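So the structure is just underneath, and the comments pick up after that.
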Amino acid sequence: MKQKGWDNHMRRKKKAMSMVERTKLEDLGKGLEQFQNDKQWALLRVSYLRRKYPNKFIAVLKKRVVASSEKFDELLALLEKKDIDPGLVVVDYISEEPVKLLF
3 MKQKGWDNHM
13 RRKKKAMSMV
23 ERTKLEDLGK
33 GLEQFQNDKQ
43 WALLRVSYLR
53 RKYPNKFIAV
63 LKKRVVASSE
73 KFDELLALLE
83 KKDIDPGLVV
93 VDYISEEPVK
103 LLF
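In my numbering, each residue's number is its place in the sequence shown (first place is 1) plus 2.
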């Protein structure tokens with residue numbers, strides 16, 4: 003009899019765990035989608051960003067520049083001050099002149 007109760011307990015626990023794991027995966031998927039959207043947003047507005055933030059690091063979150071600085075460590079400090087997790091933002095360096103890549 004005790005074994006049956008234990009089995010039921012483990013089944014419920016396993017079901018709950020799978021719900022938690024699904025939620026985590028859904029959150030991760032949403033975060034990755036947001037990151038991709040923010041990167042796309044910045045790429046499409048690079049000319050505007052060059053004029054407004056020449057030679058600066060920018061942090062983009064939810065299709066908005068939430069911080070900018072000439073120094074990367076200062077940008078991180080600004081994000082921390084605003085209580086924004088740096089892992090959730092797109093960080094890019096916006097050079098005043100277009101960068102030419104040679105392959």
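Glycine included, every Cβ here is placed at the ideal spot set by N, Cα and C.
None of the values given here were measured: they were computed from a predicted structure.
Same chain only: Cβ atoms within 6 Å of residue i, ignoring 5 sequence neighbours per side
i: A69; result: A61, L77, L80 and L81
Nearest neighbour of residue i, chosen from the options [CA to CA]
i: L63; options: N57, W43 and F74; result: W43
i: F37; options: N10, Y50, V67 and K6; result: V67
Residue j beta carbon less than 8 Å from that of residue i
i: K65; j: I96; result: no
i: D40; j: V92; result: yes
i: E98; j: R52; result: yes
i: L90; j: G31; result: no
Nonlocal neighbours in the same chain, by C-beta distance under 7 Å from residue i, ignoring five residues either side
i: F74; result: F59
i: S71; result: K58, F59, L77 and L80
i: F105; result: none
Neighbour-count burial assignment, residue i, 16 or more Cβ in a 10 Å radius
i: D87; result: exposed
i: D94; result: buried
i: Y55; result: buried
Spatial neighbours of residue i in its chain, beta-carbon cut-off 8 Å, leaving aside the 5 residues before and after
i: K84; result: V68 and A69
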